[in-house]
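Peer 1: Let me give you the structure first, and then I'll get to my questions.
2 protein chains.
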Amino acid sequence: MKSANLKDLMAFRPDIKLFDATIRDGGLVNNFGFTDEFIRDLYKTNVAAGVDYMEFGYKASKDMFDENEFGKWKFCKDEDIRSIVGDNDTDLKISVMADVGRCDYKKDIIKKADSPIDMIRVATYINTMPEALDIIEDAASKGYETTCNIMAISNAQESDVDVALEMLGKSSVDGIYIVDSYGSLYPEQIRRISEKYLGMAEKYNKQIGIHAHNNQQLAFANTIEALSLGVNMLDATLDCMGRGAGNCAMELLIGFLKNPKYRIYPVLRFIETHMRKLKEDGAKWGYDIPYMLTGQLNQHPRDAISFSEAGRTDYTEFYKLLLDKD
Amino acid sequence: MKSANLKDLMAFRPDIKLFDATIRDGGLVNNFGFTDEFIRDLYKTNVAAGVDYMEFGYKASKDMFDENEFGKWKFCKDEDIRSIVGDNDTDLKISVMADVGRCDYKKDIIKKADSPIDMIRVATYINTMPEALDIIEDAASKGYETTCNIMAISNAQESDVDVALEMLGKSSVDGIYIVDSYGSLYPEQIRRISEKYLGMAEKYNKQIGIHAHNNQQLAFANTIEALSLGVNMLDATLDCMGRGAGNCAMELLIGFLKNPKYRIYPVLRFIETHMRKLKEDGAKWGYDIPYMLTGQLNQHPRDAISFSEAGRTDYTEFYKLLLDKD
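Here it is, written out as structure tokens:
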């Protein structure tokens, strides 16, 4: 096992890539109801902060989801992205997420040469790997960088994860993400999982990323644990915004990294200008007892979200409900 | 370096001791203005949850601090503790904190045989070790268990810490605490510090504890990192209550530990009954941008507390202020 030494802590790793997932994961909190001003300022903030990739949202199927019920970043039409970034004449790359089973990728993902998008990130459960691979190959053949984000691995069989990693190793995918969907994993487990994924990455020349959730206040800790072992694609969101307990905070990560290309000041400015207002307007996310409990019990956060949205605080009853479902 | 393996994660360590510091560290938030009902219920909760030690507060000098300005747990008179615990006919042990320079220990700490208190925890900075040792020897000679909590080590010279540890090794103290006063330490640093403290502990047959703060959302992560290396006295508070960003949450720690003697249910009940009300009544603690910044910059949280209490949210101005003081 590799372990960070003093030199590692004082230096910086030029291979690290920061991904801002604020719109995509945060959009799950407010049905993507962001103003254009918010998105435009976030884009400028990411450019100024030196963030490497900004995820604009999902490429969701317009057949399956009603465009009147969600903000436009649920669909991420190329023209909507272009209205924010123009020709994106910056070092910031743009990604969108394609959800297996909820994306008309053959139609909605056009050739990269004609699109402002640089990367397609494919989100899949372990049992839908064949379609995930089809999206990856489709996107790669159209000229995009691609990643595969295998969700909910804390509930998957380890041998199934091994098979999925082998399939991805032999595919065109550029990066594979460790995803702690339920915020249930502890740093020791992240260590073991990172070693597994990094072993595959070395064999097939892929990169490994991490997307963590904060149910147990471990999103940042798990991210820097994975980082110390060699994981280099790091997802974060401003002010932790994301479904339920939220994500790894970009401001924590930039504070930790010593790479002078990253700057915290624009991030702080964005938070004071926009994130506080979002919360005042009713958007809710962040560590709280119900999310902690679904994390501890390795369950999907949906029950915790319903419980919180109903304004309930009878944690003991909620705990008994979760135990019943185990 | 020892590292947790799968067996360690499935099993439990019988040597672990949980310390509830809710009143003592939480009292810094509300000037110890807890109701007797709160304290009595917390005592019952700790007994029911299997917590090993409950810290009632400080033994502060009544010459230096006005009893009308603080709740009684700033002073922890023996009769006040007894009014809650009677003869404390339980497995829960009771501790109080003696702050170097702010405690009339020779007078206010009576013989253990006549007191409901089991342990005196001595809080000191590195430059006041001689008085800390005097309090330790005084308390040990009166029959108490003792610990020494060396504060603000992230700002101390490592060679000074080495000297302090040697002094403590040769003293009567039972345990020494790693204290991350500013919430500035990362898990890799906690690892190195734990190894240093544990080396001394082995040489002199002492126990090592950890008291973490949550400025960078690392209080729980740092606590379980230290635990995985052999640190066994673990401070936590209910709902993270503590100065500024707060502490390691007891409910996270109990969820992580596999020891069947610890029970989360009474903790959840206490949180839903009492902690929510404290917050509604105006007590403020928990992770927030100002505390994150003092943590990142390894500074005392006092400026962040003033900033928050003034209702300010201009984080960029606050950040510039902190940089100025570096």
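Protein chains in written order, with the numbering used here: chain A, 1 to 326; chain B, 1001 to 1326. No residue lacks a Cβ here, since even glycine has one placed at the ideal position from N, Cα and C.
Tell me, please, whether the CB atom of residue 146 (chain A) is closer than 8 angstroms to any CB atom in chain B?
Peer 2: Residue mapping note: residue 146 (chain A) aligns to position 146 of the first sequence, counting from 1. Answer no: the Cβ-Cβ gap between residue 146 (chain A) and chain B never drops below 8 angstroms.
Peer 1: Identify every residue that forms a DSSP beta bridge with residue 1085 (chain B).
Peer 2: Taking the second sequence and counting its residues from 1, one reaches residue 1085 (chain B) at position 85. According to DSSP, which records beta bridges pairwise, residue 1085 (chain B) is partnered with nothing at all.
Peer 1: Just how far apart, CA to CA, sit residue 1128 (chain B) and residue 1178 (chain B)?
Peer 2: Here residue 1128 (chain B) refers to the residue found at position 128 of the second sequence. Here residue 1178 (chain B) refers to the residue found at position 178 of the second sequence. Approximately 16 angstroms between the Cα atoms of the pair.
Peer 1: Could you pull the start and end residues of the alpha helix (DSSP H) that residue 1321 (chain B) belongs to?
Peer 2: To locate residue 1321 (chain B), count along the second sequence from 1; it is residue 321. 1315-1325 is the extent of the alpha helix (DSSP H) around residue 1321 (chain B).
Peer 1: For residue 1275 (chain B), collect the residues of the same chain with a Cβ closer than 8 angstroms to its Cβ; drop the 5 residues on either side in sequence, then sort them by chain order.
Peer 2: Here residue 1275 (chain B) is taken as the residue at index 275 of the second sequence, counted from 1. Contacts found: 1238, 1239 and 1241.
Peer 1: Run through the DSSP bridge pairs and tell me what residue 1019 (chain B) is partnered with.
Peer 2: Walking along the second sequence from the start, residue 1019 (chain B) turns up at place 19. Per DSSP, B:1053 and B:1235.
Peer 1: Considering only C-alpha positions, which residue in the set B:1259, B:1184, B:1022 and B:1189 is nearest to residue 252 (chain A)?
Peer 2: One-based indexing of the first sequence puts residue 252 (chain A) at position 252. For residue 252 (chain A), the nearest C-alpha among the options comes from B:1184.
Peer 1: Taking all protein chains shown into account, do 16 or more other C-beta atoms lie within 10 angstroms of the C-beta of residue 1002 (chain B), making it buried, or fewer, making it exposed?
Peer 2: Reading the second sequence from its first residue, position 2 is the one you call residue 1002 (chain B). Below a pLDDT of 50, predicted positions are generally treated as unreliable, and residue 1002 (chain B), at 43, falls in that range; no measurement from the model is reported.
Peer 1: Tell whether a beta-carbon distance below 8 angstroms holds between residue 55 (chain A) and residue 121 (chain A).
Peer 2: Locating residue 55 (chain A) in the first sequence gives position 55, where the first residue counts as 1. Locating residue 121 (chain A) in the first sequence gives position 121, where the first residue counts as 1. The answer is yes: Cβ separation under 8 angstroms.
Peer 1: Which runs of the beta strand (DSSP E) at least 3 residues long sit entirely within the region 1196-1232 of chain B? Give them in chain order.
Peer 2: With a minimum length of 3 residues, the continuous beta strand (DSSP E) runs that stay inside the region 1196-1232 of chain B are 1207-1211.
Peer 1: For residue 1165 (chain B) and residue 1098 (chain B), what's the separation of their Cα atoms in angstroms?
Peer 2: Locating residue 1165 (chain B) in the second sequence gives position 165, where the first residue counts as 1. Locating residue 1098 (chain B) in the second sequence gives position 98, where the first residue counts as 1. The alpha-carbon atoms of residue 1165 (chain B) and residue 1098 (chain B) are separated by roughly 19 angstroms.
Peer 1: In the DSSP assignment, what residue or residues form a beta bridge with residue 145 (chain A)?
Peer 2: Taking the first residue of the first sequence as 1, we reach residue 145 (chain A) at position 145. Paired residues: A:119.
Peer 1: What does a CB cutoff of less than 7 angstroms around residue 1004 (chain B) pick up in its chain, not counting 5 residues either side in sequence?
Peer 2: The residue given as residue 1004 (chain B) occupies position 4 in the second sequence. For residue 1004 (chain B), the pLDDT reaches just 46, beneath the cut-off of 50, and the residue's location in the model is therefore unreliable, although a value from the coordinates is still provided. Excluding five sequence positions before and after residue 1004 (chain B), the CB atoms of its chain that fall closer than 7 angstroms to its own CB belong to 1228, given in chain order.
Peer 1: For chain B, find out if any of its Cβ atoms is closer than 8 angstroms to the Cβ of residue 228 (chain A); answer yes or no.
Peer 2: Indexing the first sequence from 1 puts residue 228 (chain A) at position 228. Yes, residue 228 (chain A) counts as interfacial toward chain B.
Peer 1: On the three-pair Cβ rule with 8 angstroms, is the region 1280-1293 of chain B touching the region 1210-1221 of chain B?
Peer 2: Inter-segment contact for the region 1280-1293 of chain B and the region 1210-1221 of chain B is present: three or more beta-carbon pairs are separated by less than 8 angstroms.
Peer 1: Between residue 1222 (chain B) and residue 1187 (chain B), how many whole angstroms is the CB-CB distance? I'm expecting something under 8 angstroms.
Peer 2: Here residue 1222 (chain B) corresponds to residue number 222 of the second sequence, with the count starting at 1. Here residue 1187 (chain B) corresponds to residue number 187 of the second sequence, with the count starting at 1. Residue 1222 (chain B) to residue 1187 (chain B), Cβ: 6 angstroms. Contact.
Peer 1: Looking at the C-beta of residue 1197 (chain B), does it have a partner C-beta in chain A at a distance below 8 angstroms?
Peer 2: Mapped onto the second sequence, residue 1197 (chain B) falls at position 197. It does not; no Cβ of chain A falls within 8 angstroms.
Peer 1: Have a look at B:1124, B:1295 and B:1038 and flag the residue whose alpha-carbon is nearest the alpha-carbon of residue 1219 (chain B).
Peer 2: As a first step, residue 1219 (chain B) must be located in the second sequence, where it is residue number 219. Residue 1219 (chain B) has its Cα closest to that of B:1295, out of B:1124, B:1295 and B:1038.
Peer 1: Is there at least one Cβ from chain B nearer than 8 angstroms to residue 221 (chain A)'s Cβ?
Peer 2: If you number the first sequence from 1, residue 221 (chain A) lands on position 221. With 8 angstroms as the cut-off, residue 221 (chain A) counts as an interface residue toward chain B.
Peer 1: Against chain B, with Cβ distances strictly below 8 angstroms, would residue 186 (chain A) count as a contact?
Peer 2: Here residue 186 (chain A) is taken as the residue at index 186 of the first sequence, counted from 1. True, the Cβ-Cβ gap to chain B drops below 8 angstroms.
Peer 1: Within the 8 angstroms Cβ cut-off, does residue 1070 (chain B) reach chain A?
Peer 2: Position 70 of the second sequence, counted from the start, is the residue given in the question as residue 1070 (chain B). So, not an interface residue.
Peer 1: In the DSSP assignment, find the alpha helix (DSSP H) that holds residue 1275 (chain B) and state where it starts and stops.
Peer 2: Working through the second sequence from its first residue, we reach residue 1275 (chain B) at position 275. Premise fails: residue 1275 (chain B) is in no alpha helix (DSSP H) and is neither H nor E.
Peer 1: Do we get a CB-CB distance below 8 angstroms when we pair residue 158 (chain A) with the residues of chain B?
Peer 2: Residue mapping note: residue 158 (chain A) aligns to position 158 of the first sequence, counting from 1. It does not: the Cβ of residue 158 (chain A) has no partner Cβ on chain B nearer than 8 angstroms.
Peer 1: My understanding is that residue 1020 (chain B) touches residue 1250 (chain B), with C-beta atoms under 8 angstroms, so please give their C-beta distance in whole angstroms.
Peer 2: The residue given as residue 1020 (chain B) occupies position 20 in the second sequence. The residue given as residue 1250 (chain B) occupies position 250 in the second sequence. Going by Cβ atoms, the distance from residue 1020 (chain B) to residue 1250 (chain B) rounds to 6 angstroms, so yes, they are a contact pair.
Peer 1: Within its chain, find whatever has a CB closer than 6 angstroms to the CB of residue 1168 (chain B); leave out the 5 residues flanking it on each side and keep chain order.
Peer 2: Residue numbering aside, residue 1168 (chain B) sits at position 168 when the second sequence is read from its first letter. Once the five neighbours on either side are set aside, the close Cβ partners of residue 1168 (chain B) are 1148 and 1176.
Peer 1: Helix, strand or coil: how does DSSP classify residue 155 (chain A) here?
Peer 2: On the first sequence, residue 155 (chain A) is found 155 positions in, with the first residue counted as 1. Reduced to three states, the DSSP call for residue 155 (chain A) is helix.
Peer 1: CB-CB under 8 angstroms to residue 106 (chain A), same chain, minus the five flanking residues each way: which ones, in chain order?
Peer 2: Translated into positions along the first sequence, residue 106 (chain A) becomes position 106. Result list for residue 106 (chain A): 138, in chain order.
Peer 1: Output, in chain order, the set of chain B residues within a Cβ distance shorter than 8 angstroms of residue 354 (chain A).
Peer 2: Residue 354 (chain A) lies beyond the residue range present for chain A, which begins at 1 and ends at 326; the question has no answer from this structure.
Peer 1: Counting only runs of 3+ residues fully inside the region 1025-1076 of chain B, write out the beta strand (DSSP E) ranges in chain order.
Peer 2: 1053-1058
Peer 1: Find the residues of chain A that neighbour residue 1039 (chain B), judging by a C-beta separation of less than 9 angstroms, and give them in chain order.
Peer 2: Counting from 1 along the second sequence, the entry for residue 1039 (chain B) is found at position 39. Residues of chain A passing the Cβ test: none, with the nearest at roughly 21 angstroms.
Peer 1: By the DSSP assignment, the alpha helix (DSSP H) with residue 295 (chain A) in it spans what residues?
Peer 2: Here the question's residue 295 (chain A) lines up with position 295 in the first sequence. 289-296 is the extent of the alpha helix (DSSP H) around residue 295 (chain A).
Peer 1: Are residue 123 (chain A) and residue 100 (chain A) touching if we call contact CB-CB under 8 angstroms?
Peer 2: Numbered from 1 along the first sequence, position 123 holds the residue referred to as residue 123 (chain A). Numbered from 1 along the first sequence, position 100 holds the residue referred to as residue 100 (chain A). Yes, they are a contact pair.
Peer 1: Checking the sheet assignment: what are the DSSP bridge partners for residue 1247 (chain B)?
Peer 2: The residue given as residue 1247 (chain B) occupies position 247 in the second sequence. DSSP, once it has assigned bridges, lists B:1213 as partnering residue 1247 (chain B).
Peer 1: For residue 268 (chain A), would you say it is in contact with chain B, using Cβ-to-Cβ distances shorter than 8 angstroms as the test?
Peer 2: Translated into the one-based positions of the first sequence, residue 268 (chain A) becomes position 268. Output row for residue 268 (chain A): interface = yes.
Peer 1: Quick check on DSSP: helix, strand or coil for residue 174 (chain A)?
Peer 2: For the purposes of this step, residue 174 (chain A) is identified with residue 174 of the first sequence, where counting begins at 1. Looking at residue 174 (chain A) - three-state DSSP - the assignment turns out to be coil, as it is neither helix nor strand.
Peer 1: What span of residues does the beta strand (DSSP E) with residue 1106 (chain B) cover, start to end?
Peer 2: Here residue 1106 (chain B) corresponds to residue number 106 of the second sequence, with the count starting at 1. Looking at the DSSP string, residue 1106 (chain B) is not in any beta strand (DSSP E); the run it does join, the alpha helix (DSSP H), is 1105-1108.
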